[in-house]
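Working notes, beginning with the structure itself.
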Amino acid sequence: MSLSEIQSRIADEERRVGRAAGSTQLIAVSKKQPNDRVEAVLKEGHRVFGENQVQEAAGKWPEFRDRYDNVELHLLGPLQSNKTRQAMELFDVIHTLDRLKLAKRFGMIRDEIGKCPDIFIQVNTGAEEQKAGISPDEVEAFVTECRALDLPVIGLMCIPPVDEEPSLHFALLAKLAKSNGLENLSMGMSGDFERAIAQGATHVRVGSAIFGERPTPAQ
Ligand SMILES: *Cc1c(COP(=O)(O)O)cnc(C)c1O
């Protein structure tokens, strides 16, 4: 598959479900992809990318940013507290706020550096033991705490359990966002982004369907 094919599938789905053309942002997830594949997508004119790790992103994006204007970078993976400052300097949007301690750190560092990325709160819609995210019944209280810290929370994000119908999780996330007055929904990946758009996704995170399978690291 390719960038243009994914773009046209997004446009088709927006049309099919009666959404405005262009109301879904495509985040091209470049984690673990070879630089030549990433550069090919930059050369096609795409500028919105997602990465999973602060370290990996810090290793490749400053140089791409020197050579391509208006790159917008999204952090999609878990954020360790000791990487918060670096993440806030590197990323335009962070999708994985999942605990109060981190929210407080965002507020503290924002006061020092004078800027803060836009923030999505990650919700563990499947209540999975091992997965990051605020549990659905704690979202309202957590949003309130983030607002008290004056953080730029713009929406909710989820990664549904692999063995369940994602549409149910997307619908739950949409309901939680609406009841908390949040406009953006980060949901949908290569295998289910059309279903996410049908449920109101504003940001879909698509990796392998654009770039090809991620190469497995050498042993
Ligand atoms: C890797 C990843 C994606 C993209 O996954 P694909 O299946 O390659 O599209 C999306 N969101 C998150 C949080 C990811 O870690």
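Under the UniProt record's numbering, the first residue of the sequence shown is numbered 1, with each subsequent residue one higher.
Every residue, glycine too, gets a C-beta built ideally from N, C-alpha and C.
* Asked: Which residue's Cα is closest to the Cα of I109: G126, R85 and I121?
  -> R85
* Cα-Cα separation, M88 to R105 -> 10 Å
* To do: Taking 8 Å as the cut-off, decide whether the C-beta atoms of M189 and V206 are in contact.
  => yes
* CB contact flag (G107, L151, <8 Å) -> yes
* Asked: Should T144 go down as buried or exposed, given a rule of 16 or more other Cβ atoms within 10 Å for buried?
  -> exposed
* Asked: Do you know whose CA, among A198, L90 and T216, lies nearest S23's CA?
  -> A198
* Asked: Would the stretch 92 to 99 and the stretch 57 to 67 be scored as touching if the rule is three or more Cβ pairs under 8 Å?
  -> no
* Spatial neighbours of S2 in its chain, beta-carbon cut-off 8 Å, leaving aside the 5 residues before and after -> I210
* Any chance the stretch 156 to 165 sits against the stretch 3 to 23, with 3 or more Cβ pairs inside 8 Å? -> no
* To do: Using DSSP bridges, identify the partner residues of R205.
  => I27
* To do: Measure the CB-CB distance between V54 and A28 and report whether it falls below 8 Å.
  => no
* Asked: Is Q7 helix, strand or coil by DSSP?
  -> helix
* Since L173 contacts L156 with CB under 8 Å, what's their CB separation in whole angstroms? -> 5 Å
* **Residue(s) in a DSSP beta bridge with E44** => Paired residue(s): none; E44 is not in a bridge.
* **Given I154 as reference, the closest of F120, R214 and E138 once Cα atoms are compared** => F120
* Asked: Apart from the five residues on each side of it in sequence, which residues of its chain come closer than 8 Å, Cβ to Cβ, to L102?
  -> L79, S81 and T84
* beta-carbon residue 222 near ligand 1 non-hydrogen atom, thresh 7 Å -> Outside the displayed span of the chain (1 to 219) sits residue 222, for which this structure offers no information.
* Per DSSP, residue 245 forms a beta bridge with which residues? -> Examination of residue 245 is not possible in this model, given that the chain is present from 1 through 219 alone.
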